[in-house]
Structures are given as structure tokens and as C-alpha cells.
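Numbering (this note's numbering), first residue to last: 1 to 401.
Ideal Cβ placement from N, Cα and C applies to all residues, glycine included.
First comes the structure, then the notes that go with it.
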């Protein structure tokens with residue numbers, strides 16, 4: 001695992017780029033060599049003072065709706081119009097069901113950072129994650145202060161971490177530590193620390209954890225894959241889908257239709273006689289009519305599509321390869337931040353295995369929820385970090401009826 005990461009000394013000037021392959025060891029990369037460096041992950045660290053880190057408890061039908069609901073939930077704390085803010089979702093809280101961390105940044109500041117990324121090639125910029133530095137030490141399990149190198153980061157290991165302007169340490173740090181209910185904390189020092197000058201309570205125990213530069217300190221959580229990527233929603237990088245299947249491209253229009261009808265049919269069996277039935281049935285008929293206007297009003301669009309798929313060599317019985325492939329193809333397109341690399345299909349079991357790339361765990365969760373809402377069983381295997389993304393396998397089919 002290797003991480004190439006950028007740190008802006010003042011948030012405006014050109015960043016300094018570092019390469020980390022092992023925790024605590026970094027290499028400063030010259031500006032003219034940045035895009036030639038091979039790294040599994042590329043990160044642009046966003047100053048903690050530019051980001052509001054919090055926790056939301058909301059439920060929604062889609063990731064986009066969840067982001068919107070989260071913003072309104074935090075509106076009072078933000079003291080800013082929701083329309084001027086962007087919320088990025090973090091991982092679910094392992095302790096609180098239904099809760100998850102979230103990072104909020106102003107649209108103006110996010111746009112400024114993205115403008116700076118335009119100085120790099122499109123391919124390079126598309127791989128860059130925008131990670132708030134405070135999200136890297138949130139949930140670390142221990143109380144930590146990083147003090148130095150013009151930064152002051154504070155975490156009690158549970159609540160979202162906070163960043164303080166070093167010049168305000170004497171005013172804000174005592175109150176913050178009291179609010180976090182911290183009685184003992186490890187302190188890592190960089191250059192020009194400010195904590196020794198702050199009027200902290202005498203009973204507070206400060207454990208000297210050692211002197212370490214900020215790039216070396218932050219390299220460890222970066223290598224662990226930590227952090228909330230702000231590039232979500234309309235700010236997610238656009239990636240081209242790569243499908244490792246030859247000979248089937250001409251059938252994907254029909255495959256997409258198969259999925260629309262197939263999912264509608266599965267939806268009917270799931271919701272049965274509730275109010276959704278009429279809507280799902282109408283969508284099935286509309287999808288078929290739009291694709292085959294000359295067919296007239298077809299009362300059983302699912303059977304009609306199966307017949308056409310059989311005529312295209314898709315087979316019969318359990319869901320066919322084209323039906324399963326279309327499920328992945330359309331499912332991936334419906335969830336931002338997910339790439340589909342390729343398929344393998346076992347005809348004997350009717351199971352299709354796909355290699356998927358996720359920009360983060362939240363997108364992996366969103367894909368699972370997309371299929372779950374339709375009552376379609378999908379199995380997601382373990383994920384690994386590769387080229388700045390999570391890579392894992394998913395299995396569909398076999399048990400689908």
C-alpha cells in the first residue's frame with residue numbers, strides 16, 4: 001500500500017506532495033514529478049478548519065436524499081444556509097445503529113479546491129480524494145492531540161475530531177477538552193507547539209507521545225484507508241465504465257429493458273397488494289412500450305421480454321446472463337462512485353460474479369441497498385484498497401427466482 005498526499009500550508013498556496021509507503025515514513029516529491037509517481041491512493045488533505053465534522057441519524061431512499069436530510073439535520077449547528085453547503089457521508093457508526101459520520105464544507109471552499117485540481121491532468125485529478133484531515137483521526141479509539149506545524153487537531157477517539165486555529169488555542173482548547181470529557185490525552189508535537197502555553201486544568205494528564213512532523217503523523221491513517229472523501233454526489237469524479245465482456249454490447253439496450261421489467265416484476269412479488277403494485281406495473285408496461293412502440297399495449301411485459309431474450313440466445317429458466325449482466329450494468333449506473341470492471345458467468349449455477357470498484361464504503365453500502373430495495377439477493381465480498389479505490393467482488397443469481 002502506498003499513498004501520495006498533498007498538504008497546503010495555508011490553504012491557498014501550491015500544496016506540498018508526499019509519498020508514504022510505511023507508517024511514519026514520508027518522502028517529499030518534487031512538483032514536476034508528482035504525476036509520474038505510482039501510488040495506490042492519491043489524497044488532497046483538506047484543512048480541518050474548513051470542514052465541519054459531525055454525526056447524523058437519518059434514513060432515506062437514496063444516498064443523495066440521505067445527504068440532503070443530513071444537511072437539514074445539521075442546519076442549526078452550521079448556522080449557514082443549507083443551500084451553500086455540501087455534505088459527504090462517512091462510514092456507519094459501529095456502536096449506534098442508524099448513525100454515521102458526515103463532513104460538511106461550504107460550496108465556495110470546495111469549488112476553490114476543485115479549481116486547484118484543474119492544474120493537473122484529468123486522469124490524475126480524477127483519482128484524487130479530498131479528505132478532511134480531522135476525519136483521519138475520528139474514531140481512532142484513543143484521545144489524541146496533534147500540536148505543531150501550524151495545526152492543532154483534537155480527538156477523544158469517539159466523537160468527530162476538531163481542528164482549532166493555533167492562535168486561538170488558549171481561548172478554545174480548555175473549553176473543548178472539557179466538552180469532550182477528556183481527563184487524559186496523548187500529545188504529538190510538531191514544530192512550534194502551542195498547547196504548553198494554553199491554560200489547561202491541572203488535573204488533565206498530558207502524555208508526551210513524541211515529536212513528529214505532521215506529514216509523518218498523518219501518514220499512518222492514510223495508509224489504513226481512513227477518511228471521508230468529499231467528492232460525492234455531483235462532485236464525484238466522472239469515470240468511464242469498463243465492462244470485460246465481448247460479443248454482448250449489441251444486446252445491452254434490450255438488457256437494460258429486461259432489467260426494468262424484471263425489477264418491476266420482482267417488486268410486484270415483494271410488495272404484493274400494497275399501494276406500490278399499480279405504480280410498478282405501470283412502469284413495466286411503460287418501459288416495454290417505449291422500447292417497442294409497434295407492439296401496442298402489452299399486458300404481460302415480463303413474458304414478452306423473456307421471449308425476446310430467448311430469441312437473442314439468452315436462454316431460459318433461471319435469470320439469463322443478459323438479465324444478470326443488465327442488473328449489474330444498470331445497478332452500477334444508478335450509484336455514483338461505483339465502477340464495474342468485468343464479469344464471469346457460471347452457466348451451470350446461473351451465478352454471475354462481477355469485479356467492482358467503489359470510491360468508498362458508503363458507495364458499497366448504497367449499491368447493496370439498491371438491490372435490497374428490489375428484493376434481489378446480492379452478495380458482496382471483502383474489499384481491498386487499489387489505486388485509491390476499494391475493489392471487491394459481488395455475486396448475483398443462482399438463488400434468484
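Starting from the C-beta of residue i, find all residues in its chain whose C-beta is less than 6 Å away, skip the five residues before and the five after it, and write them out in chain order.
i, result
"residue 21", "2"
"residue 383", "390 and 392"
"residue 46", "130 and 132"
"residue 12", "none"
"residue 198", "169, 170 and 173"
"residue 156", "143, 180 and 182"
"residue 17", "6, 29 and 34"
"residue 207", "186"
"residue 139", "none"
"residue 146", "153, 188 and 217"
Can you check DSSP and say which residues form a bridge with residue i?
i, result
"residue 52", "104"
"residue 402", "The requested residue 402 does not occur in the structure, where the chain is confined to residues 1 to 401."
"residue 233", "According to DSSP, which records beta bridges pairwise, residue 233 is partnered with nothing at all."
"residue 379", "395"
"residue 86", "105"
"residue 147", "152 and 189"
"residue 3", "20 and 41"
"residue 345", "352"
"residue 165", "Looking at the DSSP assignment, residue 165 forms no beta bridge with any residue, so it has no partner."
"residue 226", "Paired residues: none, contrary to the question."
"residue 57", "99"
"residue 384", "391"
"residue 338", "358"
If you drop the 5 nearest sequence neighbours on each side, which residues of the same chain put their C-beta closer than 7 Å to that of residue i?
i, result
"residue 246", "Below a pLDDT of 50, predicted positions are generally treated as unreliable, and residue 246, at 40, falls in that range; the measurement from the model is reported next regardless. Once the five neighbours on either side are set aside, residue 246 has no close Cβ partner at all."
"residue 220", "23 and 24"
"residue 82", "71, 72 and 75"
"residue 249", "In this predicted model, residue 249 has a pLDDT of only 42, less than 50, meaning its place in the structure is not dependable enough to derive any value."
Quick one: what's got a C-beta closer than 8 Å to residue i's C-beta in the same chain, skipping five residues either side?
i, result
"residue 36", "none"
"residue 183", "203, 204 and 205"
"residue 84", "106, 107 and 108"
"residue 335", "63, 363, 366, 367 and 370"
"residue 402", "Residue 402 falls outside the range modelled here, since the chain spans only 1 to 401, and no answer is possible."
In the DSSP assignment, find the unbroken alpha helix (DSSP H) run with residue i in it and report its ends.
i, result
"residue 76", "75-78"
"residue 223", "214-223"
"residue 170", "169-179"
"residue 373", "361-373"
"residue 125", "122-127"
Would you kindly report the start and end of the unbroken beta strand (DSSP E) that includes residue i?
i, result
"residue 188", "184-189"
"residue 351", "351-358"
"residue 139", "Unbroken run through residue 139: none, as it is neither H nor E."
"residue 27", "25-29"
"residue 198", "Careful: residue 198 lies outside any beta strand (DSSP E) and carries neither H nor E."
"residue 206", "205-211"
Is residue i near residue j, with beta carbons less than 8 Å apart?
i, j, result
"residue 56", "residue 100", "yes"
"residue 48", "residue 163", "yes"
"residue 364", "residue 340", "no"
"residue 187", "residue 209", "yes"
"residue 125", "residue 232", "no"
"residue 104", "residue 366", "no"
"residue 135", "residue 53", "yes"
"residue 193", "residue 148", "yes"
"residue 356", "residue 235", "no"
"residue 42", "residue 128", "yes"
"residue 90", "residue 228", "yes"
"residue 395", "residue 351", "yes"
"residue 44", "residue 113", "yes"
"residue 338", "residue 358", "yes"
"residue 166", "residue 152", "yes"
"residue 59", "residue 98", "yes"
"residue 9", "residue 150", "yes"
State yes or no: is the C-beta of residue i nearer than 7 Å to some heavy atom of the ligand ADP?
i, result
"residue 20", "As presented, the structure is devoid of all ligands, the ligand ADP included, so that no description of it is given."
Self-check item: the region 208-218 touching the region 24-32, judged by at least three CB pairs closer than 8 Å
Solution: yes
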